[in-house]
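In the order they appear, the protein sequences are chains A and B. Numbered per the numbering used here, the first sequence finishes at 262, counting up by one with no gaps. Numbered per the numbering used here, the second sequence finishes at 262, counting up by one with no gaps. Yeah, the Cβ is synthetic: ideal placement off N, Cα and C, and Gly gets one too. Keep in mind it's a predicted model, so treat the numbers as computed, not measured.
There are 2 protein chains.
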Amino acid sequence: MNSFEKLNKSYANYKNTLCIGLDPDYHKLPAGFPQTPSGLYDFLIEIINATQDLAVSYKINFAFYEVFGSKGIEVIEKIIPKISQDKFLIADVKRSDIGNSSKFYAAAVYDNLPFDAATLNPLMGMDSLEEFFNYSNKLNFVLALTSNPGAKDFLYNMNFYPTLFREIIRKFTENYSEENLGFVVGATKPEYAINARLLAPKYTFLIPGIGAQGGDLEQLRKANIMPALFNVSRDIIFPDNSGDYFEAVRNKALEYSQLLAI
Amino acid sequence: MNSFEKLNKSYANYKNTLCIGLDPDYHKLPAGFPQTPSGLYDFLIEIINATQDLAVSYKINFAFYEVFGSKGIEVIEKIIPKISQDKFLIADVKRSDIGNSSKFYAAAVYDNLPFDAATLNPLMGMDSLEEFFNYSNKLNFVLALTSNPGAKDFLYNMNFYPTLFREIIRKFTENYSEENLGFVVGATKPEYAINARLLAPKYTFLIPGIGAQGGDLEQLRKANIMPALFNVSRDIIFPDNSGDYFEAVRNKALEYSQLLAI
């Protein structure tokens, strides 16, 4: 079973399109969890236990771990075996480099670790991501439209014709099938997300930006944005709450899983 | 002393512009060095001992370490204290992410590790790299023109007007001074490198692509490409040789330090 099939099986099992971002800003850990790699680990185990039956996927953004150096990467290595194997696991690394180096970045997430998918930055060109696509059983999410305001500087800068995000989608869809390729498409600019969908009808979109970043889910759903995986991070793992912390986490995850039901 | 001043002092001390890339493809380690993190560490210590008095700078491409997971990052943590503190140390990470995550990527190389500079991918826009530029004492090298053939897909794709690399240079130079900003500009397309220089006369260029990748150094020198730091990786750390391995490494480094004399 390749990653694409695993994702589709997971959709069918859980009947939603929720991906939970395990993006643990250590400054925000709740009381009782020290701001250290081991505090991070304990916190994540609780998050996983509280949400595992509710989501299709977990996305691990490496930035929040790399800040602790090797000890942080060790946390990633230790939590992965605690996650049920049917979860679609995304390495949110946004890596970019040329051939020789790119090969090792790919091996880091696909051989040394058992990720099903990774997020990749296409700026350096098609050849820079080839080593990731050589893993034909994996799903590679290429950044097309990101959810930050600065995406307008280059990705949807209308002074460029054709717009950069359109050219990225065109070039990659020409070369790779939907079993091997998906796109990161932010929810904060629904009009462009819908445009991206028209350019790549069958490809899976990994959609960050709903929840804390304010993306408009309703508009995206009306526009038939599927197939898509919606990532929610802060809103679930750092909920506003006054009662039991991980009960609040579970309630938030439940709320999103219902909102994202299929 | 900020990174920019440190670099300039290093130029004056060593009288060359050589940066040695510590990019140890573990498959290529010479006999006697196992293809493991500890083999990597022992190899790098020998490389550093053989070259330390010859180069201005070392650049560490994280891909070659991340392939070993936390144990690989530990190698980076362990070799840095073995490098003389006057070396200009570059984290070749080509990172890119939005605010919250970007902050932790920056802390990973500038707080948790003592790098003087980092390479960064600007695709996601100006705000995505702001957290790196908030370290006003560090030199951030933004990818502008990379040395791989695929750079033509987006960075110097002439269907875009203005060309993407020109727009990247324009936006970043408008916002940051040469004490805080430099650019990665490959040697393999001298005509564009010269164009980049005209757009950013005072900014330091980190120039990969001479040596194994075949960049034309003479053409760049004639065009007054300075201030620039020239990176050589494979040609120095994996020399063709039949005699003593690290003597060959030293001879190659010496050769490049003379070629890049100032």
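Whether residue i touches residue j by CB criterion (8 angstroms)
| i | j | result |
| --- | --- | --- |
| PHE133/B | ALA117/B | no |
| ASP23/B | PHE88/B | no |
| THR51/A | VAL249/A | yes |
| ALA223/A | PRO190/A | yes |
| LYS94/B | LEU120/B | yes |
| SER257/A | ASN61/A | no |
| LEU113/B | ALA55/B | no |
| LEU7/A | LEU139/A | yes |
| GLY211/B | ASP235/B | yes |
| ALA187/B | ILE169/B | no |
| ASN148/B | MET124/A | yes |
| PRO37/B | GLU66/B | no |
| LEU164/B | LEU164/A | yes |
| GLU77/A | SER70/B | yes |
| PHE172/B | PHE160/A | no |
| ILE237/B | ALA193/B | no |
| ASN100/B | ASP25/A | yes |
| TYR135/B | TYR176/B | no |
Closest residue to residue i among the options (Cα-Cα distance)
| i | options | result |
| --- | --- | --- |
| LYS103/A | ASP216/A, GLU218/A, ASP127/A, PRO162/A | ASP127/A |
| MET1/B | GLU218/B, ALA200/B, ASN180/B | ASN180/B |
| LEU260/B | SER101/B, ALA12/B, LEU155/B | ALA12/B |
| GLU130/B | SER147/B, ASP111/B, ALA106/B, GLN85/B | ALA106/B |
| ASP86/A | MET226/A, PHE183/A, PHE115/A, VAL109/A | PHE115/A |
| TYR58/A | ASN251/A, GLY243/A, LEU254/A, LEU229/A | LEU229/A |
| LEU29/A | LEU44/A, GLY21/A, ILE20/A | LEU44/A |
| GLU5/B | TYR192/B, GLU178/B, GLY125/B | GLU178/B |
| LYS152/B | ILE194/A, ASP153/A, GLU167/A, THR173/A | GLU167/A |
| THR146/A | PHE172/A, TYR14/A, ILE80/A, PHE183/A | PHE183/A |
| ILE79/A | TYR41/A, VAL185/A, ILE194/A, GLY99/A | TYR41/A |
| ASP53/B | ASN137/B, GLY32/B, SER84/B | SER84/B |
| LEU254/A | SER242/A, PRO162/A, ASN137/A, ILE47/A | ILE47/A |
| ILE20/B | ASP97/B, ALA31/B, ASN49/B, ASP111/B | ASN49/B |
| LEU143/A | SER96/A, SER242/A, GLU247/A | SER96/A |
| ILE98/B | LYS9/A, GLY209/A, PHE246/A, LYS252/A | GLY209/A |
| ALA31/A | TYR245/A, PHE68/A, LEU199/A | TYR245/A |
| LEU275/B | PRO227/B, PHE33/B, GLU218/B, ALA108/B | With chain B represented from 1 up to 262, any question about residue 275/B goes unanswered, as that position is not in the structure. |
| PHE68/A | PRO122/A, HIS27/A, LEU206/A | HIS27/A |
| LEU217/B | SER242/B, VAL185/B, PRO162/B | VAL185/B |
| GLY39/A | GLY72/A, GLU174/A, ILE207/A | GLY72/A |
| ILE207/B | LYS252/B, PHE33/B, ILE90/B | ILE90/B |
Residues that DSSP places opposite residue i in a beta bridge
| i | result |
| --- | --- |
| VAL142/B | LEU120/B, PHE183/B |
| ILE60/A | LEU22/A, ALA91/A |
| ALA261/B | ASN16/B |
| LEU206/B | VAL184/B, LEU229/B |
Residue i (DSSP reduced to helix, strand or coil)
| i | result |
| --- | --- |
| ASN224/B | coil |
| ASN49/A | helix |
| PHE154/B | coil |
| ILE316/A | No answer is possible for residue 316/A: it lies beyond the span of chain A, which begins at 1 and ends at 262. |
| MET126/B | helix |
| ASP235/B | helix |
| ASP111/A | coil |
| ASP244/B | coil |
| TYR256/B | helix |
| GLY32/B | coil |
| GLN219/A | helix |
| SER70/B | helix |
| LYS6/A | helix |
| PRO201/B | coil |
| THR173/A | helix |
| ASN134/B | coil |
| ASP97/B | coil |
| LEU54/A | coil |
| GLU178/B | coil |
| ASP42/A | helix |
| TYR161/B | coil |
| ASN148/A | coil |
| LYS189/B | coil |
| SER102/B | helix |
| ILE76/B | helix |
| ILE168/B | helix |
Chain-ordered neighbours of residue i on chain D, where CB pairs are closer than 7 angstroms
| i | result |
| --- | --- |
| LYS94/A | In the structure shown, chain D does not exist; the protein chains are A and B. |
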